[in-house]
Amino acid sequence: MVMGKLLEIFDPIEFDKWVQKGMAQAIEPSLKLYEKILDLGFKVFLLTGRNEKHRSITIENLTKAGFQRWDKLILRDSEQHGKLAVVFKSEKRSEMVEEGYRIVGNSGDQWSDLLGADPSRRSFKLPNPMYYIP
358 MVMGKLLEIF DPIEFDKWVQ KGMAQAIEPS LKLYEKILDL GFKVFLLTGR NEKHRSITIE
418 NLTKAGFQRW DKLILRDSEQ HGKLAVVFKS EKRSEMVEEG YRIVGNSGDQ WSDLLGADPS
478 RRSFKLPNPM YYIP
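Right, dumping it as structure tokens:
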């Protein structure tokens with residue numbers, strides 16, 4: 358995989374500072390896809406590597422950005438701290454499958470969002486010019 362010159366390795370301390378600001382904006386095509394998925398009656402699970410301590414600000418930010426309904430918001434709790442993102446997200450997808458859900462689609466800005474156990478039927482890799490998770 359080729360990395361651009363502007364990309365930086367993910368810095369969890371700086372990311373936490375940014376999350377606390379609650380200023381993430383929606384990517385317009387992702388918001389439109391989300392709205393279409395809801396209109397079609399699919400369940401929406403939001404799986405993020407954000408820390409559980411950021412649940413309130415994450416909900417506030419999602420709502421402000423237009424993501425106002427979902428069936429489950431899954432964040433990383435203290436037990437998952439230190440796990441590779443691909444491992445954490447794979448485990449959470451496996452739990453969904455064990456609960457009887459089928460993962461039809463998945464989108465994310467990191468390969469760790471899409472790879473690993475229990476992938477979706479369709480995956481959509483979004484660009485992220487700011488950072489990558491190795």
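Position in the sequence shown counted from 1, then plus 357, gives you our numbering. By construction, the Cβ of each residue, glycine as well, lies at the ideal position given by its N, Cα and C atoms. Keep in mind the model is a prediction, meaning the values are calculated, not measured.
Length of the line joining the Cα atoms of residue i and residue j
i: Ser387; j: Gly379; result: 18 Å
i: Asn485; j: Ile384; result: 11 Å
i: Phe445; j: Arg433; result: 8 Å
i: Ser447; j: Ile394; result: 22 Å
i: Arg459; j: Ser451; result: 10 Å
i: Glu455; j: Asp475; result: 10 Å
i: Ile366; j: Trp468; result: 13 Å
i: Gly423; j: Tyr489; result: 25 Å
i: Gly473; j: Ile370; result: 25 Å
i: Phe481; j: Leu390; result: 11 Å
Neighbourhood of residue i by C-beta, 8 Å cutoff - its chain only, sequence neighbours within 5 removed
i: Asp373; result: Asn408, His411
i: Phe377; result: The sequence given here places Gln at residue 377; Phe does not occur at that position. These residues qualify, in order along the chain: His411, Ile414.
For residue i: DSSP bridge partner residues
i: Lys403; result: Lys is not the amino acid found at residue 403; the sequence shown has Leu there. DSSP output for Leu403 lists Leu430 as bridge partner(s).
i: Ile366; result: Tyr489
i: Gly379; result: In the DSSP output, where bridge partners are listed per residue, Gly379 has none listed.
i: Asn408; result: Arg433
Proximal residues to residue i (C-beta, below 6 Å), its chain only, five neighbours per side dropped
i: Gly465; result: Leu471
i: Gly462; result: Ser477, Arg479
i: Trp427; result: Val401, Leu403
Proximity winner among the options, relative to residue i (alpha-carbon distances)
i: Ser435; options: Gly406, Thr415, Met453; result: Gly406
i: Lys440; options: Ala381, Pro491, Met453; result: Pro491
Sequence-distant residues of the same chain with beta carbon closer than 7 Å to residue i, five excluded per side
i: Leu404; result: Ile431, Lys446, Lys449
key: Completely contained alpha helix (DSSP H) runs for the region 429 to 487, where each covers 4 or more residues   = Within the region 429 to 487, the runs of alpha helix (DSSP H) that reach at least 4 residues and sit entirely inside it are, in chain order, 442 to 455, 468 to 471.
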